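Numbering (full-length UniProt numbering), first residue to last: 1 to 251.
Right under this line is the structure:
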């Protein structure tokens, strides 16, 4: 009954009021909080890309970012980075940030905390070997995270990063329509989720989207710039304000 009442109250709040309530709660829970953005009034957001490097999507995204003069953060899968080191090298050579998304795209909440820690230590080591530089940021596949996997990531020397606005680009559509999905949730200091690769759970028959991922980036950045926003990497965003951390736990 209490949970139902809380849901009804939350449902009656405006998006701005919901953010204020969430941030107040997050302040209490920040010791177990994942990075969701920064607290700032500046119209800046982090652009983040998951599931690469992918020969079909990553070059198009990199071309778009180069045209736009922007840097971003790429949360990469180690097995793909090892299979396509030339793409990872291009990501780095063009000034982008590389972070860990996992060795593969398995759901870590289905494993023990000890196994998760082992996999993340291994994944970090292997990615650093391919990238030739330190890796400190991590985003769990599917956003699946428990307290145990969160603590395992921290013990592995990784800072979990989640997201706010998303283009939901695992669902097909025209590039402009896909980009527009993120806009209602955009706010100063947000972390925006996009993908330069495509990954679905085993047995999921969702077809690969047909839109150009570079065009999604162009459309999104164009819409953001039209209202005064600029995109950047997660590390770039961190220079604009204090970290906003949220208790993010989902199966």
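Positions of the beta carbon are idealized from the N, C-alpha and C atoms, including for glycine. These figures come from a predicted structure and were not determined experimentally.
Looking at the backbone, the Cα of residue 248 and that of residue 145 are separated by about 7 Å.
Scanning the segment 31-98 from its first residue to its last, the whole beta strand (DSSP E) runs of 3-plus residues come out as 34-39, 44-52, 73-77.
Two segments are said to touch when three or more pairs of C-beta atoms, one from each, lie closer than 8 Å; by this definition the segment 198-218 touches the segment 169-178.
For residue 111, the three-state secondary structure derived from DSSP is coil. Under the DSSP assignment, residue 185 falls outside any alpha helix (DSSP H); it carries neither an H nor an E label. Residue 40 is a Cβ neighbour of residue 240, given a cutoff of 8 Å. With respect to the 8 Å criterion, residue 233 and residue 72 are classified as neighbours on the basis of their beta carbons.
Where residue 153 is concerned, there is no enclosing beta strand (DSSP E), although the alpha helix (DSSP H) around it starts and stops at 147-155. Non-local C-beta neighbours of residue 109 in its own chain, meaning closer than 7 Å and more than five positions away in sequence, comprise 144, 145, 146, 149, 251, ordered along the chain.
When the Cα atoms are used, residue 155 and residue 67 turn out to be separated by approximately 38 Å. In its chain, beyond the 5 residues on either side, 100, 153, 158, 160 have a beta carbon closer than 6 Å to the beta carbon of residue 138. As DSSP reads the structure, residue 163 sits in no beta bridge. Non-local beta-carbon contacts of residue 132 in its own chain, meaning distances under 6 Å to residues more than five positions away in sequence, are absent.
For residue 50 against residue 151, the beta-carbon gap comes to about 22 Å, at or over 8 Å, which does not count as contact. Pairwise C-beta distances place the segment 78-86 out of contact with the segment 106-121, as fewer than three of them are shorter than 8 Å. Remark: C-beta atoms of residue 164 and residue 60 do not approach each other more closely than 8 Å. For residue 217, the uninterrupted alpha helix (DSSP H) segment begins and ends at 213-226. The beta-carbon separation of residue 85 and residue 130, rounded to 6 Å, stays under the 8 Å limit for a contact.
With fewer than 16 other CB atoms across the displayed protein chains lying within 10 angstroms of its CB, residue 222 is exposed.
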